[in-house]
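Student:
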Amino acid sequence: MKKDNDNRKKNIFKSFLKFALNVLILFLVFSLGAYMAVESEVIKRTAEKEVVFIGKLLGKYQSNEDRLVQNIDFSLYWDTWDEIKESHIGNNEISDKKLFYGSLEGMVRAIDDPYSEFMDPKLTREFEENMSGSFEGIGAEIGIRDGVLTIISPLSGTPADRAGLKPGDKILEINGETTEKMNINEAVSKIRGEKGTEVKLSIYTQEMNEIKDVLIIRDTIIIESVKLEILEENIFLIEISAFNSDTRSLFSKFAKKAFDEKASGIILDLRNNPGGYLDSSVFVLGEWVNGKRALMEIFNDGREVEYVAKGSNYLENIPTVVLINYGSASASEIVSGALQDYEKATIIGTKSYGKGSVQMVKNMKDGSSIKLTIAKWLTPLGQNINEAGITPDEEVIITEDDYLNDKDSQIERALELLKK
Numbered sequence: 004m005k006k007d008n009d010n011r012k013k014n015i016f017k018s019f020l021k022f023a024l025n026v027l028i029l030f031l032v033f034s035l036g037a038y039m040a041v042e043s044e045v046i047k048r049t050a051e052k053e054v055v056f057i058g059k060l061l062g063k064y065q066s067n068e069d070r071l072v073q074n075i076d077f078s079l080y081w082d083t084w085d086e087i088k089e090s091h092i093g094n095n096e097i098s099d100k101k102l103f104y105g106s107l108e109g110m111v112r113a114i115d116d117p118y119s120e121f122m123d124p125k126l127t128r129e130f131e132e133n134m135s136g137s138f139e140g141i142g143a144e145i146g147i148r149d150g151v152l153t154i155i156s157p158l159s160g161t162p163a164d165r166a167g168l169k170p171g172d173k174i175l176e177i178n179g180e181t182t183e184k185m186n187i188n189e190a191v192s193k194i195r196g197e198k199g200t201e202v203k204l205s206i207y208t209q210e211m212n213e214i215k216d217v218l219i220i221r222d223t224i225i226i227e228s229v230k231l232e233i234l235e236e237n238i239f240l241i242e243i244s245a246f247n248s249d250t251r252s253l254f255s256k257f258a259k260k261a262f263d264e265k266a267s268g269i270i271l272d273l274r275n276n277p278g279g280y281l282d283s284s285v286f287v288l289g290e291w292v293n294g295k296r297a298l299m300e301i302f303n304d305g306r307e308v309e310y311v312a313k314g315s316n317y318l319e320n321i322p323t324v325v326l327i328n329y330g331s332a333s334a335s336e337i338v339s340g341a342l343q344d345y346e347k348a349t350i351i352g353t354k355s356y357g358k359g360s361v362q363m364v365k366n367m368k369d370g371s372s373i374k375l376t377i378a379k380w381l382t383p384l385g386q387n388i389n390e391a392g393i394t395p396d397e398e399v400i401i402t403e404d405d406y407l408n409d410k411d412s413q414i415e416r417a418l419e420l421l422k423k
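So for the sequence shown, this note's numbering puts the first residue at 4; every next one is plus one.
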């Protein structure tokens, strides 16, 4: 009897245990279903918090009334990429590299700074060749002025110079293609080409107020950046076409020659000089004002960096006239501005271009590069010449008649002043 009672109790306990296990299983199944229903939302919210925190650290999110607001959805980039690759009629001809470089170019262009640009490996090589003084093309520095592709300066003796291009001329078309939305990289790529080939430019000239087509034969452009000509009464005419890698050594040689041969005057010709390396311009200044401030750089955080001219002072006591025009920009304005501030030279010609900013070129690991405006610069006495340019002490304009008759009225006026 007792044994039967024990068996009955065991059966009741087993039944209760099975019931409890079934209830537990049902609860777990229900909980798992509920968890699965909200799992993606929980993960999403958790991920968003982490992303917003990281974004705050990286400065990619803005604060709005004490709330962090994500203002960039990078999935849109890849959605656009995929749409182009899938839907564009020419998608089979579009390389991933072209799309990638184009997106980087567009990102830099969005800064809306005509002096900042992304350069793919090909354009980077061309830029480096240009700064070394050897390349194939027409020999003209171009830029964007008031949203229009503009000749900054044709280099002396080049196809562009022989074709009569002038600083300030607007390039409206290249080989029949409008330049309206063309950036500098695209324009340079289309204008440059192998020696002996042709390029047709549609040019608007401000002087003549007309549009004309100019056919130019490309050539190899090899330029020594500094040239010397000794004029009457032992007056040294030193022309710097650009502040390139060879400028320091060439200018130093000619400055010493002027000192040794007791030059009666110096005409420093910076007309149509688009600029170049900042350190070369600082070195050139050192032949007149060694040890003095050459310029002041100001960065967006308010930090200031002073550049001091360092040279041999060979030209310190030689009367000097500097020639400038609209094609004189950047480094050439650093030199002419400082010499004007220190009253070490008389500036003759027309107002300069007005580029008072400094660019840094950073080479990337794949051979591309990015050129960014990192600072503005002021002359030693604090002039900000950006857009305004440098106003000459004496304005002398070369007229169309002067040009047609091969007359350089600016050099003639410089000679008159130095002979006095």
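The beta-carbon is built from N, C-alpha and C at its ideal position, and this holds for glycine as well.
Quick caveat: nothing in here was measured; it's all calculated off a predicted structure.
Could you please give the first and the last residue of the uninterrupted beta strand (DSSP E) stretch that includes S372?
Tutor: 372-381
Student: Could you give the residue range of the alpha helix (DSSP H) that holds V338?
Tutor: Taken as a continuous stretch (DSSP letters only), the alpha helix (DSSP H) holding V338 covers 334-344.
Student: Determine the direct distance from the alpha carbon of R221 to that of R251, and round the result to whole angstroms.
Tutor: 28 Å
Student: Tell me the DSSP secondary structure of D411 in three-state form.
Tutor: coil
Student: Look at I187 and I145 and say whether their C-beta atoms are less than 8 Å apart.
Tutor: yes
Student: Can you look up R306 in the DSSP assignment and give me helix, strand or coil?
Tutor: coil
Student: Among G196, N94, S119, G340, which has the Cα closest to the Cα of G392?
Tutor: G340
Student: Please classify M122 as buried or exposed, where buried requires at least 16 other C-beta atoms within 10 Å of its C-beta.
Tutor: buried
Student: Curious, which full-length beta strand (DSSP E) runs of at least 3 residues does the region 248-303 contain?
Tutor: Entirely contained in the region 248-303, the beta strand (DSSP E) runs reaching 3 residues are, in chain order, 268-272, 296-302.
Student: Could you name the residues that DSSP lists as bridge partners for K100?
Tutor: Under DSSP, K100 shares a beta bridge with no residue.
Student: What are the boundary residues of the alpha helix (DSSP H) that includes E89?
Tutor: 78-90
Student: Using three-state DSSP, classify D405 as helix, strand or coil.
Tutor: helix
Student: Does the count of Cβ pairs from the region 262-270 and the region 293-300 closer than 8 Å reach three?
Tutor: no
Student: First and last residue of the alpha helix (DSSP H) that includes L231?
Tutor: Run containing L231: none in the alpha helix (DSSP H); it sits in the beta strand (DSSP E), 229-234.
Student: Rounded to whole angstroms, what's the CA-CA distance from K173 to I377? Just pull it up for me.
Tutor: 27 Å
Student: Exposed or buried, R48, counting other C-beta atoms within 10 Å across all chains shown (16 or more means buried)?
Tutor: Note on R48: pLDDT 36, under 50, position unreliable in the model; the coordinate value appears next. Exposed: under 16 other Cβ atoms inside 10 Å.
Student: Just how far apart, CA to CA, sit L271 and G93?
Tutor: 54 Å
Student: I141 and I75: beta carbons closer than 8 Å?
Tutor: no
Student: Can you give me the C-alpha to C-alpha distance between N316 and L342, rounded to a whole angstrom?
Tutor: 13 Å
Student: Give every residue of the same chain whose Cβ lies closer than 7 Å to the Cβ of L35, excluding the five residues on either side of it in the sequence, and list them in chain order.
Tutor: Reliability of the predicted coordinates at L35 is poor, the pLDDT of 38 falling under 50, and the value obtained from them is presented with this limitation in mind. For L35, where only same-chain residues beyond five positions count, there are no Cβ hits under 7 Å.
Student: Give the straight-line distance between the Cα atoms of L418 and I238, rounded to the nearest whole angstrom.
Tutor: 8 Å
Student: Helix or strand or just coil, what does DSSP make of E180?
Tutor: strand
Student: For K365, which beta-bridge partners are listed by DSSP?
Tutor: I373
Student: Write down the C-beta distance between N275 and P170 rounded to the nearest angstrom, noting that I regard them as a contact closer than 8 Å.
Tutor: Right, their Cβ atoms sit about 6 Å apart.
Student: Give every residue of the same chain whose Cβ lies closer than 8 Å to the Cβ of V229, excluding the five residues on either side of it in the sequence, and list them in chain order.
Tutor: I241, E242, I243, S244, D249, T250, L253, F254, F257
Student: Would you tell me roughly how many angstroms separate the C-alpha atoms of A332 and K354, rounded to the nearest one?
Tutor: Each residue's alpha carbon lies about 10 Å from the other.
Student: Measure the alpha-carbon distance for L61 versus V111 and round it to whole angstroms.
Tutor: With a pLDDT of only 34 at L61, under the threshold of 50, the placement of this residue in the model should not be trusted, and no figure is reported.
Student: DSSP three-state label for M185, please.
Tutor: coil
Student: Following the continuous beta strand (DSSP E) through E201, name the residue where it begins and the one where it ends.
Tutor: Looking at the DSSP string, the run of the beta strand (DSSP E) that includes E201 is 201-208.
Student: Restricting to Cα atoms, I'd like to know which of T83, K88, F130 is closest to I373.
Tutor: F130
Student: Less than 6 Å between C-beta atoms, sequence neighbours within five positions excluded: which residues of the same chain meet that for S43?
Tutor: No answer about S43 holds up, because its pLDDT of 39 lies below 50 and its placement is not dependable.
Student: Are Q413 and I401 closer than 8 Å when you measure CB to CB?
Tutor: The answer is yes: Cβ separation under 8 Å.
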